[in-house]
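Residue numbers for the sequence shown follow the numbering used here, so the first one is 71 and each next one is one higher.
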Amino acid sequence: GPQLANLPRSGGIEGLALSADGKLLYVAIEKGLVEDPDRRRRLLLEFDLNRGAFTERYHRYEVDAADVSIAALESAGPGRLLLTERDSGEGDAALVKRVYRVDLGTRDERGCLQKHLVCDLLDMADPKGLTRAEPGAVGLGADFQFPFVTPECLMLLDERTLLLINDNNYPMSTGRRPGLPDDSEFIRVRLTESVAP
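Have a look at this one:
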């Protein structure tokens, strides 16, 4: 008989990243498998572009909490990926909006990819004063935040610079200004150290 889906609704493929050599497409599964007892485990799959099929290799990844999704994926050189974790909170209720780095050859004691925090999108500085605090607005000013439900685009511009864009889910999301639909925001983040090997 037909097989039932093993992923929750709106929890399938979310992030894609091309390998450094252009031969593989890495595929991030946004949420955990329905039958997986570990509610924090997510999967990264490998798709062989020459064969037009998935390889038999996959990578286990552990998010920060059971309700956290993988929102974006980006290559950062041979065997290295960046990914964005996000919870479903927005504005002041947002708790997890983070960019992590993984090296595909490094595992922790449970067999999951070992992750390294690159950037906490809810704890960034704006020392140049590029944004100004507004009454009622969340995360503008010296203590800048990217408090949107879905920071879904991640791009590495150079070894120390990220570009992030939110999916504003217009008009439902109100992360920046409560009661008002979110704009699309593009932010460029300069990191303190390189993420490329």
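Glycine included, every Cβ here is placed at the ideal spot set by N, Cα and C.
Helix, strand or coil for residue i per DSSP?
i	result
residue 162	helix
residue 144	strand
residue 240	coil
residue 266	coil
residue 215	coil
Check each candidate in the options and name the one with the smallest Cα separation from residue i.
i	options	result
residue 119	134, 135, 93	93
residue 173	165, 109, 185	185
residue 224	151, 244, 161	151
residue 112	169, 137, 89	137
residue 207	124, 160, 91, 101	160
How big is the Cα-Cα spacing for residue i and residue j?
i	j	result
residue 182	residue 134	13 Å
residue 128	residue 84	15 Å
residue 219	residue 189	17 Å
residue 158	residue 139	8 Å
residue 268	residue 194	Any answer about residue 268 is impossible in this case: the structure gives the chain only from 71 up to 267.
residue 175	residue 130	12 Å
residue 99	residue 201	34 Å
Using a Cβ-Cβ cut-off of 6 Å (strictly less than) and excluding sequence neighbours within five positions of residue i, which residues of its own chain qualify?
i	result
residue 266	146, 147, 229
residue 222	141, 142, 237
residue 233	225, 227, 258
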